[in-house]
Structure formats: C-alpha cells, structure tokens
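Note that this note's numbering has the sequence shown beginning at 2, numbered continuously upward. C-beta: ideal position from N, C-alpha, C; glycine also. Small disclaimer: the values here were computed from a predicted structure and weren't measured. Taking it in order: structure first as structure tokens, then the write-up.
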Amino acid sequence: MSSSFERDQKRRLISSYFSVVLSIALVLFLLGLLGMLVLNAKKVSDHFKEQVVVTIYLKETAKEVEIKQLEKSLAMADYVKSIEYVSKEKAAEFLKEENGEDFMDFVGYNPLQNSIDVHLKADFVTSEHLELISEEATSKTFVDEVTYDNDLVNLMNENVKKITFWVLVISGIFTLIAVLLINSSIRLAVYSKRFTIKTMQMVGATKQFIRRPFVWKSVRLGIIGAVIALIGMAIVLYYINKTFPELGLMNTPILVVLLFAVIFALGIIITWISTHIATQRFLNLKTDALYY
C-alpha cells in the first residue's frame, strides 16, 4: 500500500517537473524566435529595400567613353551597392524570354534603350535621396531619363516603421507573458510541496535552508528547458539561413551568441526569482491556510 502510494507520488512529481520543463522550453523558444526577428528586422527590411532598382536610360548618341565614366562614378558612389549595364539587345532578349515571343518580328527594329540598373544601399532608399540621385544623373547630356518606383519606396518605408514599432510592442508584451507563464508553472510545482515546506519550518529549519533545495531544483529545470529551447532555435536558424542565405543571418555570429546567452540566462533568472517568491509565500502562510 505504502509502495503504491510512493510510486503514485513519484509519477506526479515527474509529471510536474516535465510540465515545468516543457513550459519553460516552449516559452523561451518562442521568446528566442521573437528575439531573432527583432535582431534581424533591419537586415530583412534592408534586403527588400536594396531590391529597388533605379534605371538610367541612355540616349542613342551616348558615347562609350561617357557610359564607362558614368559607370565608374556610380560604382564609386557611397550610396550605390551595385550597378549593371543593360544593352538594348540584352533587354530585348529578356523581354523575349518573359513574353515567349520576339516583339521585334512585329516592330521590325529594336525600340529599347541602353540603360544602367542601379541598386542603392538600404539607407539611401528614400524619396529624398532618390530624387537627388535622379537630378544628378539627368544633368548628364547623354542621359535620357531616370525611372524608379517612388510609390513603392514610400510604402515600403512607412511599413518598415510600422512593423518595427509593433514588433517592439509585441516583444515587450510577450516577455511579460513569458515571465508569468513560467512563474505559474513553478508556483504549481512548489504548491504540491507546501506541506513539506511547512513541516520543515515547524521543526525549526530556517527559511533559507528550506528555500535552497527548491531554488536549485527549479534552476536545474530552467537550465534543461533553456537548453531544449536553444536547440530548437538553432535548428530554426539553420533552416532559415539555408533557405534564405541572402538575408545573411549568420553574418553577425556575435549577436547570435549573445541572443542564445540571454535566453539561457533568462531560463535561470526567471526560475530562480519565481521559486524564491513562491516558497516565500508558503513560508509566510499559516498552517490552516495551506488547505485553501
């Protein structure tokens, strides 16, 4: 009878520990993913900004030396990430591949213009910078016109500001939720031991002596949960980096290591504080109150 009771208690204890570890791991994993999003939000927005193309169309009378000089000056500019000269023949081939038919068979000649596609650095993809770049390029006598999607740029910049704001707000809310969930799981685990705590206190054990094993047990569970969360984060980060290498998520390994260290530390700190508060509550309760 006693053996059956002990086995039942042991199963309940293991189940309680498992639920604590699982809740810690899931919460820290989601918090880690949110942290990765916050750290890489600028990289993602910069990637999309740098896809905006400024096209400089050249006149037929443009000399090769003038074109080379323009390409060289653009390549050396601080605001330019990359340039590509697109001849009208190459542009015609691209249209042919895209449309599946050769439009020159109907027109009889190639009406397209030679052009230079310019990809700007993300910090310079604003309406003001694009307008200045356009004015500088069109001041050249051999440049016909400069085109870019100004509406797309404005929309992109506005959305980046909104997304950044809401990501920060959600991060704060989610951090609070994470602390509350972990705290609730640990309080339930300590609650199951409330009679043991009070019995030890009644035989003369000090509060620090009673609290110590509970704190160390919770910290160990926090470490296990944090390790599981970090393994999950590493798998997700590896998959995303492999699928979208252009985002360069691993270009700053120091930030990744720092994020992992913060998540690991949170697993220890939150469990330590939560256990300290929970045990203190039951230590301060009167014996009659333990039954409610």
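**Message:** Give me the residue from ILE232, ALA26, ILE278 with the minimum Cα distance to GLN209.
**Reply:** ILE278
**Supposed close pair VAL87, SER116 - CB separation, criterion 8 Å** = 5 Å
**Rounded straight-line distance, which links the Cα of ILE68 to that of LYS122** = 22 Å
**C-alpha distance - LEU113 paired with GLU51, whole-angstrom precision** = 25 Å
**Request:** Report the three-state DSSP secondary structure of VAL54 (helix, strand or coil).
**Result:** strand
**Asked** Roughly how many angstroms separate the alpha carbons of ARG282 and LYS218, rounded to a whole number?
**Response** 18 Å
**Request:** Please indicate yes or no: does the CB of SER24 lie closer than 6 Å to some heavy atom of the ligand FAD?
**Result:** Among the components modelled here there is no ligand, and therefore nothing to report on the ligand FAD.
**Item:** SER74, enclosing alpha helix (DSSP H) - first and last residue
**Value:** 65-77
**Prompt:** Looking only at C-alpha atoms, which of ILE211, LEU259, ILE164, VAL216 sits nearest to ALA42?
**Reply:** ILE164
**Prompt:** Is the distance from the Cβ of ILE264 to the Cβ of LEU29 below 7 Å?
**Reply:** yes
**Request:** Alpha carbon to alpha carbon, how far is VAL220 from ASP47? Give it in angstroms, no decimals.
**Result:** 40 Å
**Prompt:** Are the stretch 183-195 and the stretch 147-160 in contact at 8 Å, needing three or more beta carbon pairs?
**Reply:** no
**Prompt:** Taking only runs of the beta strand (DSSP E) that begin and end inside the stretch 131-169, which ones reach a length of at least 3 residues, in chain order?
**Reply:** 144-148
**Request:** Hey, could you find the ends of the beta strand (DSSP E) SER83 is sitting in?
**Result:** 81-87
**Request:** Tell whether a beta-carbon distance below 7 Å holds between LYS211 and ILE198.
**Result:** The question names Lys, but residue 211 in the sequence shown is Ile. The answer is yes: Cβ separation under 7 Å.
**Item:** Reduced DSSP secondary structure (H/G/I, E/B, other) of VAL119
**Value:** strand
**Request:** Please report how far the alpha carbon of SER20 lies from the alpha carbon of ALA227, in whole angstroms.
**Result:** 14 Å
**Prompt:** Got a sec? Which residues, its chain only, sit under 6 Å from HIS120 by beta carbon, not counting five neighbours each side?
**Reply:** GLU51, LYS82, SER83
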